[in-house]
Amino acid sequence: MPLDTSSYSLALLRLDGRRWNELRRIHAQISTQAAVDGSSYLEMGNTKIICTVTGPAEGRRVGGGGSGGEATIQVEISVAGFSGVDRKKSGRGDRRIFELSYTIEQAVQTTLHTQNYSGSTISINLHVLTQDGSLLAALINAATLALIDAGVPMSDYLCACTAGSTTNTASSKGAPRPQAALPGLSSLDEEADDPLLDLNGLEEQELPFLTVGTLGASEKVVVCIMETRVQATRLEEMLAVGVDGCKRVRSIMDSVVRDHGKRMVDEG
Amino acid sequence: METTPVLPGDILPSELIPHSTNKAVKLGPGLRHIPPSTVKATISGTVTSDLRKNAIWIEYNGGRYIPTPSDLIIAQILRSAGEHYTVQITPHYPPALLPHLSFEGATKKTRPQLKPGDLIYARIAAAPKHADIELECFNSQTGKGEGLGPLKGGMCFDVSVGFAREVIKGRRGGVVVLEELSEKLGFEVAVGRNGRLWVEGGEGERSGGLKHVIAVGRCLQVCDEKGLDERGQRELVRQVLKGL
Amino acid sequence: MPISILPPAPAPSISYGADPSDSDDDFDLDGDIDMEGTSRGLKRPRTSQRHIVTPGELVTDDTQWMRGHGAYHPPDSTAIHSSVFGTILKTNKLLSIIPLRARYTPEIGDLVIGRIIEVQQRRWKVEVAAPLLASLPLSGINLPGGALRRRTAVDELNIRNFFTEGDLLVAEVQSVYESGQATLHTRSTKYGKLRNGFFMSVSGAGGGGLARKGGIARSRRQVFTLSTGRGGGDIDVILGVNGFIWIAKHVKPKMEEGPNRLEESVSMDVYSSQNNDIGVETRREIARVAGVIRALVEGGRRVDEEMVVKAYEVSLEMEEGMDVEGGDFLGGEKGRRVVEAVMSG
Amino acid sequence: MPREVELSNNERDFILGALRQGLRLDGRGQDVYRELEISFGEEYGVVDVRLGKTRIVARISCEVVAPYPDRKFDGVFVISTEFSPMASPAFEVGRQNQDEIILSRILEKAIRRSSALDTESLCIIAGSKCFSLRADIHVLDHDGNLIDTACAGLVTALQHFKRPDVEVQGEKVTIFTAREREPVPLSMLHHPLCVTFSYYDGGQIALLDATFAEEQVREGEIIVTMNRNGEVCQIAKYGGVAVDALAILSWTNMALVKVQAMTKVIQARLKEDAERRDKDGIAAELRADNDRPSERPHG
Chain F
1 MPLDTSSYSL ALLRLDGRRW NELRRIHAQI STQAAVDGSS YLEMGNTKII CTVTGPAEGR
61 RVGGGGSGGE ATIQVEISVA GFSGVDRKKS GRGDRRIFEL SYTIEQAVQT TLHTQNYSGS
121 TISINLHVLT QDGSLLAALI NAATLALIDA GVPMSDYLCA CTAGSTTNTA SSKGAPRPQA
181 ALPGLSSLDE EADDPLLDLN GLEEQELPFL TVGTLGASEK VVVCIMETRV QATRLEEMLA
241 VGVDGCKRVR SIMDSVVRDH GKRMVDEG
Chain X
1 METTPVLPGD ILPSELIPHS TNKAVKLGPG LRHIPPSTVK ATISGTVTSD LRKNAIWIEY
61 NGGRYIPTPS DLIIAQILRS AGEHYTVQIT PHYPPALLPH LSFEGATKKT RPQLKPGDLI
121 YARIAAAPKH ADIELECFNS QTGKGEGLGP LKGGMCFDVS VGFAREVIKG RRGGVVVLEE
181 LSEKLGFEVA VGRNGRLWVE GGEGERSGGL KHVIAVGRCL QVCDEKGLDE RGQRELVRQV
241 LKGL
Chain P
1 MPISILPPAP APSISYGADP SDSDDDFDLD GDIDMEGTSR GLKRPRTSQR HIVTPGELVT
61 DDTQWMRGHG AYHPPDSTAI HSSVFGTILK TNKLLSIIPL RARYTPEIGD LVIGRIIEVQ
121 QRRWKVEVAA PLLASLPLSG INLPGGALRR RTAVDELNIR NFFTEGDLLV AEVQSVYESG
181 QATLHTRSTK YGKLRNGFFM SVSGAGGGGL ARKGGIARSR RQVFTLSTGR GGGDIDVILG
241 VNGFIWIAKH VKPKMEEGPN RLEESVSMDV YSSQNNDIGV ETRREIARVA GVIRALVEGG
301 RRVDEEMVVK AYEVSLEMEE GMDVEGGDFL GGEKGRRVVE AVMSG
Chain L
1 MPREVELSNN ERDFILGALR QGLRLDGRGQ DVYRELEISF GEEYGVVDVR LGKTRIVARI
61 SCEVVAPYPD RKFDGVFVIS TEFSPMASPA FEVGRQNQDE IILSRILEKA IRRSSALDTE
121 SLCIIAGSKC FSLRADIHVL DHDGNLIDTA CAGLVTALQH FKRPDVEVQG EKVTIFTARE
181 REPVPLSMLH HPLCVTFSYY DGGQIALLDA TFAEEQVREG EIIVTMNRNG EVCQIAKYGG
241 VAVDALAILS WTNMALVKVQ AMTKVIQARL KEDAERRDKD GIAAELRADN DRPSERPHG
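Chains as they are written, first to last, in full-length UniProt numbering: chain F, 1 to 268; chain X, 1 to 244; chain P, 1 to 345; chain L, 1 to 299.
And the structure:
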C-alpha cells in the first residue's frame, strides 16, 4: 500500500491531520469487568484493547521450584480476527504474538512489586479489538491500567508510545541503499526529516519507528523495541520524542485513574 | 600403582587383579564381576588398583557425576520442605535430601537456616538405587562437622569430574596447581567430587581477595581443559601470579 | 460496570499538563492530613478519605514518616512514594496506602467463605480469593464424636468424609504466615460446611480499611438471619470478608446448644453434603437476597447487614407496589432503583 | 529430568561483587568480546562459529519451489533454529524454549525484516519458480551470548553460501550443477550483526558478550543490531530494569564500533576461505572438463 509521504513536507500535517508531536485521542476506562480482579479498556486512536487481570492467585505450580520468591506473570494476548484490515485467524504458535506477550511479561515483572506474592500468579489477558498502529504501546498501557485497578503494587505507571521518523531512506519498501554509499552522503537530504509521535497503522507500514516504554514520567526506559532499519543518527530524536510522548501518556492515564477513584470515593 | 587402559567389555587380565589370601577383592566403579572369577570392564578408562585395600577400580574422566556413598560434594539448596532441605547435586540428577538436623550441633532451634541457592559442602550418606539420595553435613558417629556445612561467600567453579578427583588426590593425582598457588596466595578451597570447586579468598571481599579467587579459579579451569602436566601447571601458575 | 459506548467526544486537548488532576499531585501533608491522628490523640487511625494517590506518586519526602503497605522508597531515596491506587491511611507515624480495589489479604480473625481445591495428607487447600490458597489442617476442624477426641490415623485416611474437593465452608483465619498464606479453622459450631443455599462472589473486595467500596465491609456481624416475607421463612446470610457470600435457608440446630453439650452436637451430620428440603418460597427469597446484593455491588455500595436488610425491604415494597410483570429479577434499571431508594431512605 | 542450571547465591554475589570492581571471571574488560572463531565446512554455506565456549553451526541450503502467491517476485527465505540438549541441560528436544523463540524472532528481524538478503534475486520466474533458502541454526554449546553468535554465524553463512546458477529461456529453466557452472553467491544488501549489552546496577555497568553465568545475574539486556554503515536494523529491550535513554544511545554508538570490528574479522575469514577454495576450484574444474569426453560414449 504505497503511501504518499511527500505531502508531509509541504503542510507539515500528517495523513490524519496531526502535527508531528501530536498524540492521537486516548480514551480509557478502568474497572470495566466485574468478574475479574482488575480490568481496563483503552483506545489509542483506532487501536482498541480490553485487558483483564486475575490474581495474584495461586496457580498451577510450574516446574516445582519457587521462582526466587516472586510472583509469576502470565500474559496472554488474543488478537480478534476482525481487528486488522485483512481478516486473519492468528494461530496459537504465532511468534510475533509470543514476542509481544514476552515483552509485556518482562516489562511488568520489573515494574510490579511482586516480592510479596511468592508462589502466586498474576495473569494478564489482553484482547485486541482493532489495530491501527502502536499495538505494543497500547497493550502495555492497557495492562498497566488493569494492574492498577487490580491493586497490584508497582513502582510507577508503565507507559508506552511509538515514535517514528519521516526518513524514508530505510523504510522496508524504499530502495535499499547500496553498501558502498557513505553514511555522510545521505545525511544531507535527511536534514529536513522530522520525528513523529504516535504512529498510526499506515505510517507504521511506511516509516521507521520504535516503541518506547518508560517508567512513569522519568526518562528511564523499560521497553525499547525497534523493528525497522534506520540511520543511527536518527535514533536520538526518535527516542527523545518517544520518551516525551510517554510522559504525556502517563498524565492522561493518571487522570483516568483519578477520575475513576474520585467517583468511587464520592459514591461510596 | 599400575595403569592399563581398558575398553568396555574387556576382560581384566588376572595379573591385574590383586590377589590376597585373607581379604576379598573389592571392585570399584566401572567393573563388573561375572562368576566364577571373571572381571569385566564396563567403561573405558585406566585400571587402577590399591593393593593395601585390596581394591581395584577404573579411573576415567568425563561423563556425569554419579552419586556414590561417602563422596564429598558441593551441592546447592533448592528449597526447604518439612524436615529436609531439597538439594541439587548436578542438574542431571534428581534432587537429594539433606535433613535439617544433619549439621554439627544442630537442634531444632539452632539448625542453620539456609535459603534456596545457598551452597553446602556435604557427604553422601546413602545413594540407594530406587529412593532419594541422602546427604549429611556431619559425621553421624562423632557428631563433628569435619569441615562440612554451609559455604559462605567465595566462588564456585565447574570442572570435569575426573579433574575434581585428581585435585582431591593432590600431588598423587598429578595436580600441583593448588600447592604452587598457595605459596603466594592465601585462599581456602573445598573440592566436590561432583565437579565443583569452591574457592574463597580469605577475609573481606577486597579487590585483592576477589582477584585471587578469580586467579585460582582460572588456573584450575585451564588445568582441567588443557590437561596440563606438572611442568605445564607450574608454568601456568607462574604466569598467572605475574599477571597479578 | 460494562463498557459504555461513548458518543463522539471532542478530541481532548494535548495540554494534559494543565489537567486539574495535576494540582492534586502537589499533595501537601500539612494541609490535608495534618497530624490530626496524633494531635487529637485518637486511637483509631484516620484516613484522608477524599485524597487519592496513584502509583508512583510522591506522598511525602518528610523523613518522620514510616513506610507501610502500598508505599515504597525508590532506590537511593528516603521519600515515600505510593505503589498502589488508593487512599492514605496513617497510624501514628506509619503511612500506608489502602488500595481502592485489591484482592483479599487475609488477616487473623477474618470470617471467610472458601472452597476446597485440593485434599492433601493432613490438610485441605482452600480457595479464599487470596493470593495464595489457604490451608485448613485436619487438626483445625471439629471431629465428630466430641471436641476432645484425638485425631487418629483413621481420620487421615477418611479425610474426604469431612471435606472433599468442591465443598464450600465457612471458617475463621487462625494465623497468617509471612508469605501471606492463611491457616483456617472451623472449631466452632458457627463454622463448617455450607449447604442449603446459594453462593456468590464480589470481586475486588480486598484492601481492608474503610476505603472498600462496592464490596463487603468488615463489620461486627458478618453472619445474620433475615426473616423474609412472602412465606420464605428465615434466611441465613454469611458475608465472607474475602468477598464470598453464602445465602441459605435457616436450619435450626437439631440439639439445644449448651456449653456442656457442645461435644455431642458435633456429629457426622455436620459434614453431610445433602441439602434439606427447601420450599419454592424460600428459594425465591434466597434469589431475591442474592439479587439485592448484586444490585448493591453494581451500584458501588458497601455490603453489610444494614444495607442488605434495608435493600431487601425496599425490594419487597417495590414488588408489592408494582405489577409482577418484571418478575423477581433485580437487574438493570430495577436494581438501580432499589439502590437509590435505599440511599435516600 | 534435567533442570535449568540456576546459579548459587555465592556465585551470584561473587560475580556481581567482581563486576562492581571492574573484574570479570575470565579477565576480560567489560567491552571486550571473546575471540570469534569461524571455520567453514566442505560445502558452501556451512559455518561453525565459536565465541568462547558458545558454539553454533549455521547451514544454508536451497531448493526450487513455487513462490507464495502474494509475493510473486520474491524468493522464500526461512530461518530455523534448534537448541540441542547437549548445549544446556535446560534444552529439550521438540519443545520450544522461550529463548529459542526470542532468538529466532531477533534473527528474523535483524536479517529478514531489515532486508539484508535481497529476496527478489531469488526469484527465477515470477509467480512460478523461485529459490527457497533455508538457514538452519544449531546451538551446540551455550555459554552465553547466543544471539550475537547466531547472528554472526548466519550472516557469515549467507555470505559464504552459493546457489546453483540458472538459465531461463522463456518458460524453460535450466539449473546447473556445481560442475557445469560455478555457483552464484547470494545478493546481500548489507550485513547486520547483533551486539547484546547486559547491564547491571540500573545501567551503570554494561557488559558485552556476557557468559552464561553473567547473563543469569544481569538486570536486563538490550540487543542492538547494526550494519557497518551505521544503520540500526533492530533494537530489542524486552523489559528488564529501566535504564536511561541516553545510555541506550551511547550503547548504540559502542555497538557500531563492535560491528565494524566483527565485520572485519568475518570478511577476513571469508577471504581466506575463498582463496583456499579457489585453488581447489580450478583444479576441480579442470578435472571435470577432462572427465566429460570420456563419459560421453556411455551416456
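Glycine residues also receive a C-beta, built at the ideal position from the N, C-alpha and C atoms.
Next on the checklist: Below 7 Å on C-beta distance, what does residue 256 of chain L contact in chain F?
Outcome noted: 232
Checklist entry - Where DSSP assigns a beta bridge to residue 26 of chain X, which residues make up the other side? => result X:55
Checklist entry - Name the residues in the segment 236-262 of chain F whose C-beta lies less than 8 Å from a C-beta of chain P; which are they? => result 248, 251, 252, 254, 255, 257, 258, 259, 261, 262
Item to check | Meets three-Cβ-pair contact criterion under 8 Å: the segment 106-121 of chain L and the segment 167-180 of chain L | outcome: no
Checklist entry - Got a sec: is the Cβ-Cβ distance from residue 226 of chain F to anything in chain P below 8 Å? => result no
Checklist entry - How about residue 268 of chain L: is its C-beta nearer than 8 Å to some C-beta of chain F? => result no
Checklist entry - Of the residues L:145, L:112, L:76, L:53, which one's Cα is nearest the Cα of residue 126 of chain L? => result L:76
Checklist entry - Measuring CA to CA, which of L:19, L:102, L:57 is closest to residue 203 of chain L? => result L:19
Next on the checklist: Distance cutoff 8 Å, beta carbons only. Does residue 264 of chain F sit that close to anything in chain P?
Outcome noted: yes
Checklist entry - According to the Cβ coordinates, are residue 74 of chain X and residue 151 of chain X closer than 8 Å? => result yes
Next on the checklist: Can you tell me whether residue 66 of chain X is helix, strand or coil according to DSSP?
Outcome noted: coil
Next on the checklist: Using the three-state DSSP reduction, which class does residue 82 of chain F fall into: helix, strand or coil?
Outcome noted: coil
Item to check | Partner residues on chain P for residue 154 of chain F, Cβ-Cβ distance less than 7 Å | outcome: 55, 83
Next on the checklist: Just checking: is the beta-carbon of residue 62 of chain X within a distance shorter than 8 Å of some beta-carbon in chain L?
Outcome noted: no
Checklist entry - Buried or exposed: residue 73 of chain L, going by 16 or more other Cβ atoms within 10 Å of its Cβ? => result exposed
Checklist entry - With 8 Å set as the bound, which would you pick, yes or no: does the beta-carbon of residue 112 of chain X sit closer than that to a beta-carbon of chain L? => result no
Item to check | residue 98 of chain L: contacting residues in chain F (beta-carbon distance under 9 Å) | outcome: 98, 102
Checklist entry - Listed from N- to C-terminal order along the chain, which residues in the segment 84-118 of chain P have their beta-carbon within a distance smaller than 8 Å of any beta-carbon of chain F? => result 84, 85, 86, 87, 99, 100, 101, 102, 103
Next on the checklist: On the criterion of 16 or more Cβ atoms from any shown chain inside 10 Å, does residue 35 of chain P qualify as buried, or is it exposed?
Outcome noted: Summary for residue 35 of chain P: the model assigns pLDDT 38, below 50, so the residue's position carries little reliability; its value from the coordinates is reported in the next sentence. Exposed: under 16 other Cβ atoms inside 10 Å.
Next on the checklist: Applying the 10 Å Cβ sphere with the 16-neighbour rule, what's the burial state of residue 85 of chain F?
Outcome noted: exposed
Item to check | Supposed contact pair residue 134 of chain F and residue 278 of chain F - C-beta distance, whole angstroms, cut 8 Å | outcome: What is shown of chain F runs 1 to 268, which leaves residue 278 of chain F out entirely.
Next on the checklist: Taking beta-carbon pairs under 8 Å, can you tell me which members of the segment 210-227 of chain X lie near chain L?
Outcome noted: 210, 211, 213, 214, 217, 218
Checklist entry - Anyone know if the C-beta pair for residue 165 of chain X and residue 27 of chain L falls short of 8 Å? => result no
Next on the checklist: I want to verify the contact list: residues of chain P whose CB lies under 9 Å from the CB of residue 57 of chain F, in sequence order.
Outcome noted: 103, 127, 129, 130, 131, 132, 133
Next on the checklist: Measuring only the C-alpha atoms, how far is residue 111 of chain X from residue 35 of chain X?
Outcome noted: 48 Å
Next on the checklist: With a threshold of 8 Å, are at least 3 pairs of Cβ atoms found where one atom belongs to the segment 227-234 of chain L and the other to the segment 227-234 of chain F?
Outcome noted: yes
Checklist entry - Can you pull the DSSP bridge partners for residue 94 of chain X? => result Note: residue 94 of chain X sits in no beta bridge, so no partner.
Item to check | residue 159 of chain P: first and last residue of the uninterrupted beta strand (DSSP E) it sits in | outcome: Where residue 159 of chain P is concerned, there is no enclosing beta strand (DSSP E), although the alpha helix (DSSP H) it sits in stretches over 159-162.
Item to check | Short Cβ contact (8 Å threshold) for residue 241 of chain F with residue 195 of chain F | outcome: yes
Checklist entry - Exposed or buried, what is residue 210 of chain X when buried is set at 16 or more other beta-carbons lying within 10 Å of its beta-carbon? => result buried
Checklist entry - Who are the neighbours of residue 148 of chain F on chain P, taking C-beta pairs under 8 Å? => result 54, 55, 84, 85
Checklist entry - Does residue 116 of chain F get closer than 8 Å to chain P when you measure Cβ to Cβ? => result yes
Item to check | residue 144 of chain X versus residue 198 of chain L - alpha carbon distance | outcome: 44 Å
Next on the checklist: Considering Cα atoms alone, identify which of P:97, P:52, P:296, P:55 is closest to residue 65 of chain P.
Outcome noted: P:97
Item to check | Start-to-end residues for the beta strand (DSSP E) that takes in residue 199 of chain L | outcome: 193-200
Checklist entry - Just reading off the beta strand (DSSP E) that residue 125 of chain F is part of, what are its end residues? => result 121-130
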